[in-house]
Amino acid sequence: MYNEKVIEHFRHPHNFGEIEDPDGVGEVGNIVCGDLMKLYIKISENEKGEKIIKDIKFQTYGCAAALATSSIITDLVKGKTLNAAMEFSNKEIIDALGGLPQIKIHCSILAADALNEAIYDYFTKNKTEIPKIITLKHERITKMNELMKEKFQNQNE
Amino acid sequence: MYNEKVIEHFRHPHNFGEIEDPDGVGEVGNIVCGDLMKLYIKISENEKGEKIIKDIKFQTYGCAAALATSSIITDLVKGKTLNAAMEFSNKEIIDALGGLPQIKIHCSILAADALNEAIYDYFTKNKTEIPKIITLKHERITKMNELMKEKFQNQNE
Amino acid sequence: MNKRIYLDYAATTPVDKRVLDAMQPYFYENFGNTMSLHEEGRKAKATLDSCRSNIAEFLGAKSEELVFTSGATESDNLALKGVAFANQNNGKHIITTKIEHAAILKTCEWLEKHGFEVSYLSVDQFGLIDLEELKNTIRKDTILVSIIYANNEIGTIQNMKEIGEICKNKEVYLHTDATQIFGKLPIDVNKLNIDLMTINAHKFYGPKGVGALYIRKGVSIEPVLHGGGHESGLRSTTVNVSGIVGFSEAVNIAKNEMKEDEIKQTKLRNYLIEEVLKISNSRLNGHPTRRLPNNANFSFSFIEGESLVLLLDDRGISCSTGSACSSPNLEPSHVLLSLGLKHDQAHGSLRVSIGKDTTKAEIDYFLNVLPDVVERLRKLSPLR
Amino acid sequence: MNKRIYLDYAATTPVDKRVLDAMQPYFYENFGNTMSLHEEGRKAKATLDSCRSNIAEFLGAKSEELVFTSGATESDNLALKGVAFANQNNGKHIITTKIEHAAILKTCEWLEKHGFEVSYLSVDQFGLIDLEELKNTIRKDTILVSIIYANNEIGTIQNMKEIGEICKNKEVYLHTDATQIFGKLPIDVNKLNIDLMTINAHKFYGPKGVGALYIRKGVSIEPVLHGGGHESGLRSTTVNVSGIVGFSEAVNIAKNEMKEDEIKQTKLRNYLIEEVLKISNSRLNGHPTRRLPNNANFSFSFIEGESLVLLLDDRGISCSTGSACSSPNLEPSHVLLSLGLKHDQAHGSLRVSIGKDTTKAEIDYFLNVLPDVVERLRKLSPLR
Ligand SMILES: Cc1ncc(COP(=O)(O)O)c(C=O)c1O
Ligand SMILES: Cc1ncc(COP(=O)(O)O)c(C=O)c1O
């Protein structure tokens with residue numbers, strides 16, 4: 005069901021683990037659904053004075069697709085400017101992986117969400133104004149999370 | 005589905021054909037149902053002065069079981085006294101054949117009925133009083149035949 | 011002749027040796043469950059996928075439009091019940107014909123008990139439906155038309171292109187049971203506007219227990235067998251990979267040899283018909299030309315079919331009276347009655363269906379034996 | 011290890027070579043249709059009859075009590091829908107459990123949509139139903155109880171004798187899905203008061219695409235697949251003789267080797283369990299002793315099952331997370347949740363099912379690889 009690229013990232017994930025003193029952390033998904041992703045980012049500036057994602061690492065609990073999307077998003081984003089990262093879409097993950105099975109598309113969304121949350125966290129910690137694009141996504145993510153929790157809590161009763 | 009004995013009688017039927025100048029003829033079944041039997045009998049007397057079935061022949065249109073039951077009934081009845089023949093039951097056919105498939109039992113009934121009708125015909129032609137046992141069966145057979153005809157006429161409309 | 015002569019290919023065919031060879035590796039070497047994540051499972055899945063696209067291609071269909079089943083009966087049940095239940099909000103009227111296989115007729119009876127209404131189209135003396143009658147029978151609440159492509163008893167081939175156009179214009183789903191014609195003559199579901207089509211493997215040298223239903227993309231249908239969600243949820247059960255590989259290999263062979271077989275069999279069949287009709291009081295049932303290349307069906311007056319089949323069997327020849335399925339049945343063939351045959355003609359029918367391996371010598375032996383056997387039974391018969 | 015290590019016998023098994031050998035003559039030598047009157051047909055029918063009585067005998071059943079199907083899914087559908095529709099005048103209440111296979115659960119869902127009411131019995135932490143709950147759930151309008159004999163994920167074997175007695179006393183039909191236990195442990199349908207029982211061939215070294223439903227004489231049931239009237243009208247379609255011969259041969263082998271296999275596999279399985287549980291934060295799912303001889307099911311905290319299966323697959327080992335059928339499903343195992351496991355434990359499950367050919371060396375290799383793989387995934391996980 006998975007292509008070679010996905011399997012390769014799953015087998016040998018890049019940039020996994022924790023960043024000791026991260027500038028932002030994004031955590032999305034939940035155990036109930038079977039996927040939990042944590043992205044750590046470290047921000048610095050490039051020669052032009054733009055903010056860039058200097059370092060990025062992940063920790064993921066989940067299926068092969070969850071691990072592969074986590075791995076590849078770190079590749080895709082590392083070194084990018086923060087502005088570029090804010091525009092990041094899960095389609096880039098799917099393209100970079102050469103496709104994902106239909107039922108695993110949500111993993112790519114999860115990874116993109118984790119990045120958003122890490123950036124949101126960075127802005128919050130820095131008490132800078134949070135760009136609209138990030139806040140909107142953050143609100144959607146929070147909302148979804150609550151809905152999922154509710155759904156599964158009921159199921160467990 | 006048929007046993008060896010049935011197949012043997014079907015392959016090599018005994019006493020088939022017409023009797024030139026029969027003392028009685030019984031015809032039962034109908035083409036619509038797929039089985040039509042005609043039994044011819046010749047009556048004479050034995051040394052004791054009892055009426056016996058001197059000769060018996062059949063003509064049958066129908067399945068292997070219809071042919072086999074026709075064949076064996078001629079064997080079973082030939083030479084018997086008329087009194088014995090009047091008591092004849094289809095079970096004797098089934099036993100003599102060593103069994104018939106459930107859905108072919110009706111062929112043995114048909115053969116026994118044909119015998120009854122031939123005897124009925126003999127009594128009618130001779131204008132002797134017809135024994136109760138024969139009349140009762142004759143009435144049942146005539147009734148059934150009418151019912152069948154009705155049923156299939158409707159089906160054909 | 012020492013060898014038996016099998017002239018009942020319409021009932022079932024032997025598996026082609028090449029088909030069996032193709033199946034062999036899928037019993038214990040590649041035996042995985044297509045749903046398993048591991049390598050054995052992935053291999054099985056890849057095999058399944060390639061068989062599916064191979065067979066679909068042969069029909070002019072897309073791979074995902076083919077659902078594998080256990081045979082034509084299940085495909086027929088799935089097509090009719092699946093479409094009926096999924097579309098009952100649009101109407102509960104179904105149209106079929108009087109000459110369908112039992113798999114369609116009995117399913118229709120069941121649907122009638124469950125609130126659906128079924129119209130049965132009549133056929134002419136050759137077994138063809140009347141296209142005008144079809145047009146006039148389609149109503150606002152008609153959700154499905156199901157018409158047998160080539161009849162299993164008399165071999166008559168319907169005007170499927172015209173039927174397809176009518177159904178398309180009237181916007182009603184068209185299902186066809188193509189069991190007897192598949193693998194014998196080319197079919198393109200798109201050119202014919204067929205929405206659902208039943209096929210199986212054992213009628214053209216594939217294994218028994220394997221069939222498929224073509225379902226045009228977009229047709230709403232629900233499953234009949236519920237379970238683990240195989241075949242896109244339309245037909246659950248662990249996939250019979252070896253059987254499907256056999257099905258696919260039978261298709262490969264048909265792709266290459268169908269044309270040649272058709273020519274050869276049509277010629278033999280025409281010879282057979284010509285010779286058999288020399289027997290007095292015999293007739294050919296079905297259409298003189300629009301018929302399956304391997305099918306001949308006769309009636310012989312004054313005698314009954316089962317006896318005929320069994321006496322031929324005694325002489326080493328295998329034929330049937332009608333469809334194999336109805337053999338233990340006492341009723342005469344509903345197909346022959348629909349042609350307008352009288353009961354006795356319907357009872358006295360003989361289906362001779364030839365195959366890949368049938369030779370002229372076999373036919374000649376049959377032609378030599380048949381008049382004899384007919385004569386013998388006529389001697390026993392009270393009818394003249 | 012060069013050869014792959016297959017530890018997923020609960021998903022499907024390779025066909026035993028002896029089974030395939032037994033099947034070979036039924037592809038093109040003896041290929042007849044069991045419904046045909048001629049010699050080829052009669053031979054096929056005789057073969058079918060002898061296979062049927064052979065398998066029936068193994069169950070303590072009468073020959074005519076066995077109906078062949080395309081697999082356990084179809085048998086489950088036939089049992090539930092067939093009994094439901096045939097007995098709906100006596101009531102529309104059905105009882106089953108929360109840990110059934112999808113073939114039962116999805117069929118029950120469908121029946122619920124069609125006017126039936128279904129009660130789902132809960133199970134204890136080991137997967138056993140509560141007999142008192144069963145008793146109390148049976149009502150006047152209960153027409154059927156269906157309880158999985160041995161669970162396909164966790165291997166727990168129900169107290170079938172007690173269940174049978176309860177159903178007998180309450181005069182309600184008992185169906186059991188015995189797919190996983192059949193051919194592994196002896197079953198006598200009379201001693202257990204089972205009225206209907208689902209079995210198939212591919213779970214114990216027979217071919218895929220073949221199953222059966224035991225139906226006690228007198229049980230009222232109607233068909234699910236309608237057609238030519240095969241299998242006493244309960245399951246139409248040309249009979250898959252070669253498949254059934256394989257099924258029957260698998261039974262012959264089981265008759266002779268079942269006991270020995272059970273002892274050998276139980277020993278290996280116990281060793282496996284003991285060693286695996288040495289991994290920190292691992293647990294055994296299912297019952298410690300009342301479980302299938304070939305089944306082990308574990309949960310490893312902090313990691314997810316699919317990843318585990320795929321990393322093991324990389325190392326040449328084939329296992330599964332739960333049932334093969336639910337693999338593409340995102341929901342955690344309903345069976346494990348029913349035991350009271352939390353979602354993360356249910357997601358992190360691994361089913362290891364061994365078979366006839368499993369060796370201690372294979373288990374040792376697995377035991378060597380597993381801690382490594384678990385460790386790797388835990389390193390990637392944010393959970394501790
Ligand atoms: C308990 C149980 N029931 C039903 C099935 C379905 O069997 P089949 O694939 O033969 O339909 C399986 C296995 O897949 C099973 O383990
Ligand atoms: C036209 C037609 N439909 C359906 C069937 C049933 O096929 P199967 O035996 O594969 O269920 C047959 C043959 O038996 C057939 O000839």
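Residue numbers (our numbering), protein chains in the order written: chain A, 5 to 161; chain B, 5 to 161; chain C, 11 to 394; chain D, 11 to 394. Beta carbons are placed, not taken as given, at the ideal position from N, Cα and C, and that holds for glycine. Values in this document were obtained by computation on a predicted structure and should not be read as measured data.
Check	Outcome
Ligand 4 heavy atom lying under 7 angstroms from the CB of Q168 of chain C	Although ligand 4 was asked about, the structure shown includes only ligand 1 and ligand 2 as ligands.
Extent of the continuous beta strand (DSSP E) run through M361 of chain C	The sequence shown places Arg at residue 361 of chain C, rather than the Met named in the question. Element bounds for R361 of chain C: S359 to S363.
Continuous alpha helix (DSSP H) stretch holding L17 of chain D: start and end	Looking at the DSSP string, L17 of chain D is not in any alpha helix (DSSP H), and its letter there is neither H nor E.
Rounded straight-line distance, which links the Cα of H236 of chain D to that of L90 of chain C	11 angstroms
Residues, ordered as in the chain, of the stretch 298 to 323 of chain D that lie near chain C by beta-carbon distance below 9 angstroms	E316, V319, L320, L322 and D323
Interface residues of the stretch 34 to 62 of chain B facing chain C [CB-CB below 9 angstroms]	N34, I35, V36, C37, G38, D39, L40, M41, K42 and F62
Neighbour flag for S328 of chain D against chain A, beta carbons, 8 angstroms	no
Beta-carbon gap between K9 of chain B and G102 of chain B smaller than 8 angstroms	yes
A160 of chain D Cβ short of 7 angstroms to ligand 2 heavy atom set	no
Distance, F136 of chain C Cα to R15 of chain B Cα	34 angstroms
For D323 of chain C, the nearest candidate out of D:V29, D:A32 and D:G51 (CA to CA)	D:G51
H357 of chain D vs T248 of chain C beta-carbon contact at 8 angstroms	no
Contact check, L40 of chain B vs I77 of chain B, beta carbons under 8 angstroms	no
Segment limits, alpha helix (DSSP H) that includes M268 of chain D	V251 to V286
Expected contact under 8 angstroms - CB spacing of Q275 of chain C and I364 of chain C to nearest Å	6 angstroms
Chain A residues whose Cβ lies nearer than 7 angstroms to that of L88 of chain D	Result: empty, since nearest Cβ-Cβ is about 30 angstroms, beyond 7 angstroms.
Bounding residues of the alpha helix (DSSP H) (the contiguous stretch that carries M90 of chain A)	L86 to M90
CB contact flag (I60 of chain A, N34 of chain A, <8 angstroms)	no
Any non-hydrogen atom of ligand 1 closer than 7 angstroms to A260 of chain D Cβ	no
Within chain B, the residues that A390 of chain C reaches when beta carbons sit closer than 7 angstroms	The question names Ala, yet the displayed sequence has Leu at residue 390 of chain C. Per Cβ cutoff of 7 angstroms: P17, F20, Q63, T64 and L71.
Exposure label - S290 of chain D; buried when at least 16 CB within 10 Å	exposed
Closer than 8 angstroms to chain A by CB, D354 of chain D	yes
Assumed close pair N210 of chain C, E175 of chain C - CB separation to whole angstroms, cut-off 8 angstroms	The pair is not a contact, with the Cβ atoms about 27 angstroms apart (cut-off 8 angstroms).
Residues of its chain near A96 of chain C, where Cβ-Cβ distance is below 6 angstroms and the 5 sequence neighbours each way are ignored	S230, I231 and E232
A113 of chain C CB to nearest heavy atom of ligand 2 below 7 angstroms	yes
Burial state of E314 of chain D, where buried means 16 or more other Cβ atoms lie within 10 Å	buried
Check: S187 of chain D C-beta below 7 angstroms from any heavy atom of ligand 1	Correcting the residue type first, residue 187 of chain D is Asp in the shown sequence and not Ser. Yes, the Cβ of D187 of chain D comes within 7 angstroms of a heavy atom of ligand 1.
Helix, strand or coil at D367 of chain D [DSSP, three-state]	coil
Contacts that L131 of chain C makes with chain B (C-beta to C-beta distance below 7 angstroms)	Neighbours of L131 of chain C on chain B: none; closest Cβ ~17 angstroms, over 7 angstroms.
Any chain D beta carbon closer than 8 angstroms to A100 of chain A	no
D99 of chain A: first and last residue of the uninterrupted alpha helix (DSSP H) it sits in	N94 to L101
Proximal residues, the stretch 117 to 139 of chain B versus chain C, C-beta separation under 8 angstroms	none
For D374 of chain D, three-class secondary structure by DSSP	helix
Proximity test, Cβ basis, 8 angstroms: L393 of chain C and chain B	yes
Length of the line joining the Cα atoms of M5 of chain A and K180 of chain C	40 angstroms
Where A68 of chain A meets chain D, residues with beta-carbon distance less than 8 angstroms	E316, S317 and L320
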